[in-house]
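Here the structure is laid out as structure tokens; the discussion comes afterwards.
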Amino acid sequence: MSTSSSTSARPTDLKAVRDTVLDTAGTIAIAGAGTAAGWAGDLAPVDTVLDTTGLSGVIAHNPGDMTVAVRAGTPLRALQEELSSHGQHVSFDAARVADGATVGGLVATADSGPAALVFGSLRDLVIGVTIVLADGSVARSGGHVIKNVAGYDLAKLLHGSYGALGVLAEVVLRLHPVPRGGTTIALPCPLDGVHEHAARILGGPYEPAALEWMSADGGRLLVRLEGTLDALPAREERIRELLGPQATRADDDAWEQHAALVRGSGRGAVLRVGARPSRLPGLLAGLGCQAATVGLGTGVATVELPVEAVADAHATVHAAGGTSVLRYRPDGAGAPGWGPAPSAVAVLVALKRELDPAGRFGPGRFSPWMEGAQ
Amino acid sequence: MTLDGVVRKAFEEALDPRDVISDPVRCRAYECDGLTGYRVTPDLVLLPRDAAQVAAAVRVCAEHGVPFVARGAGTGLSGGALPVADGVVISLARLKRVLEVDPVDRRAVVEPGVTNLEITAAAAPHGLYYAPDPSSQQVCTIGGNVAENSGGAHCLKYGFTTNHVLSCEVVLPDGSLVTLGSDSGEQAGPDLRGVFLGSEGTLGITTKITVRLLRAPESVRTLLADFPSITAAGDVVSDVVAAGIVPAAVEMMDTLAIEAAEQAVHAGYTVGVPAALVVELDGPAAECDVQFEQVKEICERHGCTRLHIAGSAEERAAIWRGRKAAFAAVGRISPDYFVQDGVVPRTRLAEVLGRIAAMGDEAGLRVANVFHAGDGNLHPLVLYSAEAGETERAEHLSGAIAELCVELGGSLSGEHGIGTDKACSMPKMFGEEDLATMRRVRSAFDPGGICNPGKVLPTPRLCGERPGKYRPHALEEAGVIERL
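Residue numbers (the working numbering), protein chains in the order written: chain A, 22 to 395; chain B, 2 to 485.
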């Protein structure tokens, strides 16, 4: 992601982040653990790499309030471990959390996992941020309380900003209790038949914690239930009755298999697609996917496809009213990070001009959308 | 009338001339929202009939530098829809169609003038509902909910408007029409939808909203419990949280609020007890039953003096009627009152209530408390008599309470918004660089500064003025809305 001529800085506190931005000239790549370094538009060569992994650790955890403030370079996995002794967690399970992804990186890339069905993505869980802008301004928004409507929500602006608008230095998250129990039911099923099952589950009183289809082993629907140990057996039984005799308790590693598909095999390109949930299976059928995971309630899919199919896939998804972003391009491949620009691209360009007029942060990440900003 | 004839003619060309109101008497109906102490009569009121007319009207504003203020039902409590002198009000009252209810993908597409409760009414035949439930939901509009990021009693479990809006069609301050958000939780780049949500009408006007609908829960269990002290009731909330239970709602009322509510609606609350707690759980029946037993045990452990469990939908409705009546009911025990909205970390509830009581004593004023105990959102009601000359003291106390919330690590507002009311308090919560950054965001959307100017962010001109005393809103007097 950086050229050999770029220098690296690894600040360990907010002031040092600000100093790094002020003391350097030229372009800056904001880096976390590197688990999504190639996502979105291809990063242009930069003068400085700002490594955020030194911004690590919990600033304040208030178990009674179910909130935690962390430095943005903290790996979410480490944070979850720390919270677990209190029976709490961040209700978030993107695949790359297991690879050491940082809280800030997960926010900046708008990542999410199967738990998004109930809890949304990090945009729904972040209640406060501290960011550093390209001119060294330090800005906070939100705070430490879950309910708060004072001022603009800068966390939303940084969610999905891919390091092109500002540096996330500190993040405050709302927490949820770790469910007492959980179980997953699997049903063998091809993609073109899955929608009917999903509609019956979502239309009933079952309240699944996750509902995903994955292409492994000819296709499987995964239904995760979470709740109290007393109530789970009856709820599981009810889902199995609904889905019929082919439904069984899923293998212990079913969600690891799911996560592996989300990461991709490394051979093809990986594209993240969002669309109206009922239209997603049909849309994906036309993309030439080699592998896929499909969120049947969320409308979010992650697909692997040949590099040369990426540009067409972006266009197809856009034409169907969906959104897409490239997550992995095999070495040397020039696949486009984004499809056609959204209708609000002028706002995006205006925000870039206001917050980073010299185009210091993340050059290329939103290419070609933001090219008019400088 | 200070807008010149050229501008007025341009509006009449953009809309039907009959939809451009200039009669000062008719314009005065738009002079305030639910925060009635601030009043400004607009020069013109525009009543567009569709998104294209909204865009056309805004283009005229942009071309002539005319400030505009969007308005839904006018139930806001922070002066967010207060008109601007020499400006126009753009009412979205006529954009009130439910365009689509999709039971399969569990979403509805609506125009901004549709009321919150009308969405649920349209979804109900499919067993679905729209979750955010601000207590003015019978009359407040979804467009206003988007502007304010409205909450409600059930947002502890289900979140706020921002968690339930997938996308918004928006007329930007230059008159262009764009879509923010998408059909899924995915987005193309930064979450501009999320920036727009809760921006209090300062970044544009939404003309079409796609909301998520939820399946009505299989089971809902509600209890009303009395406690010998606020602290005991607060400890119950702490223990419920510690037990890993996320209730759909946890509401608390103190003696004064209970007394007022009971006088008004006779909902079966116990007059004279120091604290009453309403706890509601919902979800799959099997889960709900298990956790409801736990909640009952926790209440008993903390010296609950009476436990009333709603045995029917009617009994549940009665409990909520008492809770929701509390605000308007305070009018029965005091000639005048200010409603405050602040948030503290939930674990500091007992502390903040103690300090509010002490501040009230010092000011010689009574303060009634009704609040969302699960998320620390307070609504202290400062009771006073204007006739007795207590207005200024009450106003000062109310403002001091909001700022106390910030001091204790909370927020100036949990759901009513900053609007006109608290813009001047923003520097108590945010530093200059924070506010400057927010101004830059605003400028990216609205470089000309014509979109609801003077709201949210402090300006020297605004912060030199003083509000008038609270006067009940017409809808409030009619018993249609309550102040929450």
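Built from N, CA and C at the ideal position, the CB exists for glycine as well.
- Using a Cβ-Cβ distance cut-off of 8 Å, the stretch 58 to 75 of chain A and the stretch 100 to 109 of chain A are not in contact, since fewer than three pairs of beta carbons, one from each stretch, lie closer than that value.
- For B/V179, the residues of chain A that pass the 9 Å Cβ criterion are P363, S364, A365, V366, A367 and V368, in the order they occur in the chain.
- Within its own chain, the residues whose Cβ lies closer than 8 Å to the Cβ of A/A136, once the five positions on either side in sequence are excluded, are S112, F113, D114, A230 and A231, listed in chain order.
- The alpha-carbon separation between A/A58 and A/V159 amounts to approximately 24 Å.
- Around the beta carbon of B/V383, 16 or more other beta carbons lie within 10 angstroms, which makes this residue buried.
- Going by DSSP, A/D72 is part of the beta strand (DSSP E) stretching over T69 to D72.
- Closer than 8 Å to the CB of A/I206 there is not a single CB belonging to chain B.
- The three-state reading of DSSP puts B/R194 in helix, counting H, G and I together.
- Secondary structure at B/N453: coil, using DSSP grouped into helix, strand and coil.
- Distance from the CA atom of B/E112 to the CA atom of B/Q54, rounded to whole angstroms, is 13 Å.
- Along the stretch 182 to 199 of chain B, the positions whose C-beta sits under 8 Å from a C-beta of chain A are S183, D184, S185, G186, E187, Q188, A189, G190, P191, D192, L193, R194, G195, V196, L198 and G199, read in chain order.
- Between A/V368 and B/L193, the C-beta spacing is below 8 Å.
- B/A330 has its alpha-carbon roughly 5 Å from the corresponding atom of B/A262.
- With 16 or more other Cβ atoms inside 10 Å of its own Cβ, B/V212 counts as buried.
- Only those residues of the stretch 288 to 304 of chain A whose C-beta falls short of 9 Å from the nearest C-beta of chain B are listed: R293, V294, G295, A296, R297, P298, S299, R300 and L301.
- Here A/G320 is not near A/P302, since their CB atoms are 8 Å or more apart.
- In the pairwise beta carbon analysis, the stretch 352 to 371 of chain B is classified as not touching the stretch 430 to 438 of chain B: fewer than three pairs are separated by under 8 Å.
- Counting along the chain, B/P381 sits inside the beta strand (DSSP E) bounded by residues N378 to Y385.
- B/I419 carries a coil assignment under DSSP once its states are collapsed to helix, strand and coil.
- Residues of chain A with a Cβ closer than 8 Å to the Cβ of B/N453 do not exist, since the nearest Cβ in that chain sits about 13 Å away.
- For B/N370, the enclosing beta strand (DSSP E) starts and ends at R367 to H373.
- The beta carbon of A/T33 lies closer than 7 Å to those of G75 and L76 in the same chain, with the five residues before and after it left out.
- In this structure B/R322 is in contact with B/V266, their Cβ atoms being roughly 5 Å apart against a cut-off of 8 Å.
- Listed along chain A are T249, D251 and A252, each with a C-beta nearer than 7 Å to that of B/V291.
- Contact between A/G53 and A/T123 holds: CB atoms are separated by about 4 Å, below the 8 Å threshold.
- By the Cβ criterion, the stretch 277 to 292 of chain A is in contact with the stretch 322 to 337 of chain A, since at least three pairs of Cβ atoms, one from each stretch, lie closer than 8 Å.
- Counted as a single uninterrupted DSSP element, the alpha helix (DSSP H) harbouring B/Y159 occupies residues C156 to Y159.
- Put simply, the backbone Cα of A/A371 is about 27 Å away from that of B/S92.
- In the three-state reduction of the DSSP assignment, B/H309 falls in the strand class.
- Our two residues, B/E201 and B/V41, have alpha carbons roughly 18 Å apart in a direct line.
- A Cβ-Cβ separation of about 6 Å places A/K177 in contact with A/R144 under the 8 Å criterion.
- DSSP places B/S168 within a strand segment (E or B) once states are collapsed to three.
- Cβ atoms of B/G160 and B/G420 stay farther apart than 8 Å, at about 22 Å.
- Using a Cβ-Cβ cut-off of 8 Å, B/T232 does not count as an interface residue toward chain A, since no Cβ of chain A sits closer than that to its own.
- Residue contact check for B/L413 against chain A: a CB pair falls below 8 Å.
- Under the three-state reduction of DSSP, B/I299 is assigned to helix.
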